[in-house]
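Chains as they are written, first to last, in my numbering: chain A, 1 to 287; chain B, 288 to 668. What follows is a set of notes on a single structure, which appears directly below.
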Amino acid sequence: MSILVSKKTRLLVQAITGNEGLFHTQAMISYGTHVVAGVTPGKGGEWVLDGKIPVFDSVKIAVDATGANTSIIFVPAHNAVDAIFEACDAGILLIVCITEGIPVQAMMRVRNYLDQKHTRLVGPNCPGLLTPGESKVGIIPGDIAIPGSIGVVSRSGTLTYEVLYALAQVGMGVSTCIGIGGDPINGTSFIDALALFEKDPHTEKVVLIGEIGGSDEERAAEFIASHISKPVVAFIAGQTAPPGKRMGHAGAIVEGGSGLATDKIRALQSVGVKVATHPEEIPSLFL
Amino acid sequence: MKLQEYQSKQIFAKYNIPIPKGRVAATAIEAKAIAQEHGSRVVIKAQVLVGGRGKAGGIRLAKNADEAEELATQILAMDIKGLPVRKVLVDAAANIEREIYLGITNDRAARKPVMMSSAAGGVDIEEVAHTSPEKIIKSYIDPLLGMRDYQARDIAAGIDLPREHWRTFGQIARGLWQAYSNCDATLAEINPLVITSDNHLLALDGKMVLDDNALFLHPDLAEMRDLDVEAPSEIEARKYGLSFIKLDGNIGCMVNGAGLAMTTMDIIKLFGGEPANFLDIGGGANSDKVAAALRIILADPNVKAVLFNVFGGITRCDEVARGILDALKEVKTNIPMVVRLVGTNAEEGRQILANANMITAITLADAARKAVAVSKGGLIE
Chain A
1 MSILVSKKTR LLVQAITGNE GLFHTQAMIS YGTHVVAGVT PGKGGEWVLD GKIPVFDSVK
61 IAVDATGANT SIIFVPAHNA VDAIFEACDA GILLIVCITE GIPVQAMMRV RNYLDQKHTR
121 LVGPNCPGLL TPGESKVGII PGDIAIPGSI GVVSRSGTLT YEVLYALAQV GMGVSTCIGI
181 GGDPINGTSF IDALALFEKD PHTEKVVLIG EIGGSDEERA AEFIASHISK PVVAFIAGQT
241 APPGKRMGHA GAIVEGGSGL ATDKIRALQS VGVKVATHPE EIPSLFL
Chain B
288 MKLQEYQSKQ IFAKYNIPIP KGRVAATAIE AKAIAQEHGS RVVIKAQVLV GGRGKAGGIR
348 LAKNADEAEE LATQILAMDI KGLPVRKVLV DAAANIEREI YLGITNDRAA RKPVMMSSAA
408 GGVDIEEVAH TSPEKIIKSY IDPLLGMRDY QARDIAAGID LPREHWRTFG QIARGLWQAY
468 SNCDATLAEI NPLVITSDNH LLALDGKMVL DDNALFLHPD LAEMRDLDVE APSEIEARKY
528 GLSFIKLDGN IGCMVNGAGL AMTTMDIIKL FGGEPANFLD IGGGANSDKV AAALRIILAD
588 PNVKAVLFNV FGGITRCDEV ARGILDALKE VKTNIPMVVR LVGTNAEEGR QILANANMIT
648 AITLADAARK AVAVSKGGLI E
């Protein structure tokens, strides 16, 4: 079982005709995801992937024609914000935005707009969602995880793959893996994901992968203390990161003494979360 | 991207924020000429992108043009916290009655811009936030609506600003909001905003930090980048689209993905080593990019070992392996290298490197242990 994505997902791909869009649409279809439509303005009426997937000019037209309920966005940074607004206004309930490099003020406008609607955004700058053996809405390599009962939530991409791989090596499976993204302003926070995992009857344990910057991990720790009954194991990246430097992700920066890995680790440990010293240690902390 | 004080104040002036009469100078002769134009006492201010300029002697008051020349000569010869002073701002000196702080920044937790002000200006606002947070008045701005005029009035009242200044303060707050939003800043602050002895408001010092992700919208602002604050290797890396940060250790790291790159640094430290750099080659890097990355790592004379940690997804391990071989054809080196390839085309990648005399590892922990050992002159069988 899963959160957010399942067999009921009817997926629409925004910027389906680009290289990335085509490549990952093929990978998602191969994994069993029900991709029903693509959108590229100006290319409505075309078909892609050997005539399997219809392309539409707008999200609204695609939703009306195919009943799509989820969208994944590969639109480049300069148009990605418009793509999110378009999907929201067309009534899409779940938007996964893979795009990296969206300006932060634009994301604040998006987030404050979405908060007034019923649309959930995952990302941006994220690898998306994977429910092993069932559905994939994103770019996480499907073959590195096996189905199971551990929920995984992470701000990172390849670091998440590392953890999924380490879990699979010892036979530990995953209910859903959700990459919430490495930007300072995102659509879904650790708290949102933790609440979904707590409600999901098929998730028994949770792995939280955080990193330096902001205070999302500290707030997650408070939330775990008051709202989460399932065991949580965490890992925080960036203990050796120098202050004032952006470590690749737009959101991964220690500023004015805040956002430190040590503070996050302390906050999580103080509410009973076991924190791994390195990713391959995570499986053993569940034993 | 941080802007220099003089650049920030030029932007402020465009948005009707009153700033002192002043210009930037690259030589002491120019500084003298500017002081002569002012015909009054001037402040000579080092333009470097670090805090604590004043304490380091980088801000000096000159009584006349000759003294301005002399002080500018001294300041232009300084290094402040390792950064050379290449320019000075020569501002007409002001008589200060009172100092205020006014700034706008992104509040990540609230997911909104926040305007902050304090009656205790002229000092480090982060210090004030730690020691006496009650002295900071905050007002959150709806990013869809922009700043409302009443918010500026609330702040003026909150810091006990005399009513006669409310109108001008409102104008300055609006100007600062426009500068912040039109430039896609992550910080725009006036510190201090002063009330002069002749009862005017004046932005004496200013600072803006711009969102790197938004610079494509503002090519004019992107040109203001100061390359002095970056190591030459960081500038070189940016040309190739690599995310690279130089550190002081001796184990060079090449990794795909920012989170995994940080983790690789952390695990090196955990096993007793010191990383020489942060390096994310990004998703789907081709062999040219990998070769450039390796050249940059090996150009650092501190590097005693290199660790490659690639978890293939979009990035293909065979492509990375080819890039490593390409770079090693150009750069001859005896530095030991540990390579760990997992995921997409990992087996092909390992075969490509089979004859390259590299130490291999399967797990991340094993790779880190081996890299630390060889960095200390140890041998791996």
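Yeah, the Cβ is synthetic: ideal placement off N, Cα and C, and Gly gets one too. Small disclaimer: the values here were computed from a predicted structure and weren't measured.
C-beta neighbour in chain A for residue i, strict 7 angstroms
{"i": "Ala633(B)", "result": "no"}
{"i": "Ser530(B)", "result": "yes"}
{"i": "Arg398(B)", "result": "yes"}
{"i": "Leu557(B)", "result": "yes"}
{"i": "Ala315(B)", "result": "no"}
{"i": "Arg395(B)", "result": "yes"}
{"i": "Gly600(B)", "result": "yes"}
{"i": "Asp492(B)", "result": "no"}
Whole-Å CB distance - residue i paired with residue j, under 8 angstroms assumed
{"i": "Lys230(A)", "j": "Thr203(A)", "result": "7 angstroms"}
{"i": "Leu376(B)", "j": "Gln323(B)", "result": "Not quite, the Cβ-Cβ distance comes to about 16 angstroms (not below 8 angstroms), so this is no contact."}
{"i": "Ile178(A)", "j": "Leu129(A)", "result": "5 angstroms"}
{"i": "Asp567(B)", "j": "Ala545(B)", "result": "5 angstroms"}
{"i": "Leu560(B)", "j": "Val659(B)", "result": "Note that residue 560(B) is Gly in the sequence shown here, rather than Leu. The pair is a contact, with the Cβ atoms about 4 angstroms apart (cut-off 8 angstroms)."}
{"i": "Gly339(B)", "j": "Asn478(B)", "result": "About 13 angstroms; that fails the 8 angstroms criterion."}
{"i": "Ala194(A)", "j": "Phe235(A)", "result": "Note that residue 194(A) corresponds to Leu in the displayed sequence, not to Ala. The pair is not a contact, with the Cβ atoms about 15 angstroms apart (cut-off 8 angstroms)."}
{"i": "Ile73(A)", "j": "Ala15(A)", "result": "7 angstroms"}
Three-state secondary structure (DSSP) of residue i
{"i": "Thr277(A)", "result": "coil"}
{"i": "Gly445(B)", "result": "helix"}
{"i": "Ala131(A)", "result": "Strictly speaking, residue 131(A) in this sequence is Thr, with Ala absent from that position. Reduced to three states, the DSSP call for Thr131(A) is strand."}
{"i": "Thr418(B)", "result": "helix"}
{"i": "Thr70(A)", "result": "strand"}
{"i": "Thr99(A)", "result": "coil"}
{"i": "Ile568(B)", "result": "coil"}
{"i": "Pro588(B)", "result": "coil"}
{"i": "Thr650(B)", "result": "coil"}
{"i": "Ala439(B)", "result": "helix"}
{"i": "Tyr388(B)", "result": "strand"}
{"i": "Gly610(B)", "result": "helix"}
{"i": "Leu594(B)", "result": "strand"}
{"i": "Leu547(B)", "result": "helix"}
{"i": "Asp64(A)", "result": "helix"}
{"i": "Arg373(B)", "result": "coil"}
{"i": "Arg310(B)", "result": "strand"}
{"i": "Glu317(B)", "result": "helix"}
{"i": "Pro623(B)", "result": "coil"}
{"i": "Thr160(A)", "result": "helix"}
{"i": "Pro430(B)", "result": "coil"}
{"i": "Lys296(B)", "result": "helix"}
{"i": "Thr483(B)", "result": "strand"}
Element boundaries [alpha helix (DSSP H), containing residue i]
{"i": "Ile584(B)", "result": "Ser574 to Leu585"}
{"i": "Gln638(B)", "result": "Ala633 to Ile639"}
{"i": "Phe85(A)", "result": "Ala77 to Asp89"}
{"i": "Glu517(B)", "result": "No alpha helix (DSSP H) holds Glu517(B); DSSP gives it neither H nor E."}
{"i": "Pro54(A)", "result": "Not the alpha helix (DSSP H): Pro54(A) falls in the beta strand (DSSP E), residues Ile53 to Phe56."}
{"i": "Gly21(A)", "result": "Asn19 to Tyr31"}
Neighbour list for residue i in chain A, Cβ cutoff strictly below 7 angstroms
{"i": "Thr650(B)", "result": "Glu280"}
Cutoff 7 angstroms: residue i Cβ touching any chain B Cβ
{"i": "Lys117(A)", "result": "no"}
{"i": "Lys245(A)", "result": "yes"}
{"i": "Gly161(A)", "result": "With the sequence shown as reference, residue 161(A) is identified as Tyr, and Gly is not the correct amino acid for it. So, interface residue."}
{"i": "Pro283(A)", "result": "no"}
{"i": "Ala250(A)", "result": "yes"}
{"i": "Val39(A)", "result": "no"}
{"i": "Glu211(A)", "result": "yes"}
{"i": "Thr188(A)", "result": "no"}
{"i": "Ser215(A)", "result": "yes"}
{"i": "Ala241(A)", "result": "yes"}
Segment limits, beta strand (DSSP E) that includes residue i
{"i": "Gly300(A)", "result": "Here chain A comprises residues numbered 1 to 287, so residue 300(A) is not present and cannot be evaluated."}
{"i": "Val496(B)", "result": "Gly493 to Leu497"}
{"i": "Gln14(A)", "result": "Leu11 to Gln14"}
{"i": "Arg347(B)", "result": "Ile346 to Ala349"}
Where residue i meets chain A, residues with beta-carbon distance less than 8 angstroms
{"i": "Leu431(B)", "result": "Arg109, Asn112 and Tyr113"}
{"i": "Glu413(B)", "result": "Gly256 and Gly257"}
{"i": "Ser468(B)", "result": "Gln105"}
Interface residues of chain B facing residue i [CB-CB closer than 7 angstroms]
{"i": "Ala237(A)", "result": "Gly546, Met549, Thr550 and Asp553"}
{"i": "Tyr165(A)", "result": "Val629"}
Any non-hydrogen atom of the ligand GDP closer than 6 angstroms to residue i Cβ
{"i": "Val311(B)", "result": "For the structure depicted, the ligand GDP is absent and the ligand set is empty, with no information on it obtainable."}
Within chain B, the residues that residue i reaches when beta carbons sit closer than 8 angstroms
{"i": "Ile265(A)", "result": "Within chain B, no residue comes near Ile265(A); the closest Cβ sits about 11 angstroms away, beyond 8 angstroms."}
{"i": "Ala77(A)", "result": "Asn500 and Phe503"}
Cross-chain neighbours of residue i in chain B, by beta carbon under 9 angstroms
{"i": "Pro147(A)", "result": "The contacting residues do not exist; Pro147(A) stays about 19 angstroms from chain B at best."}
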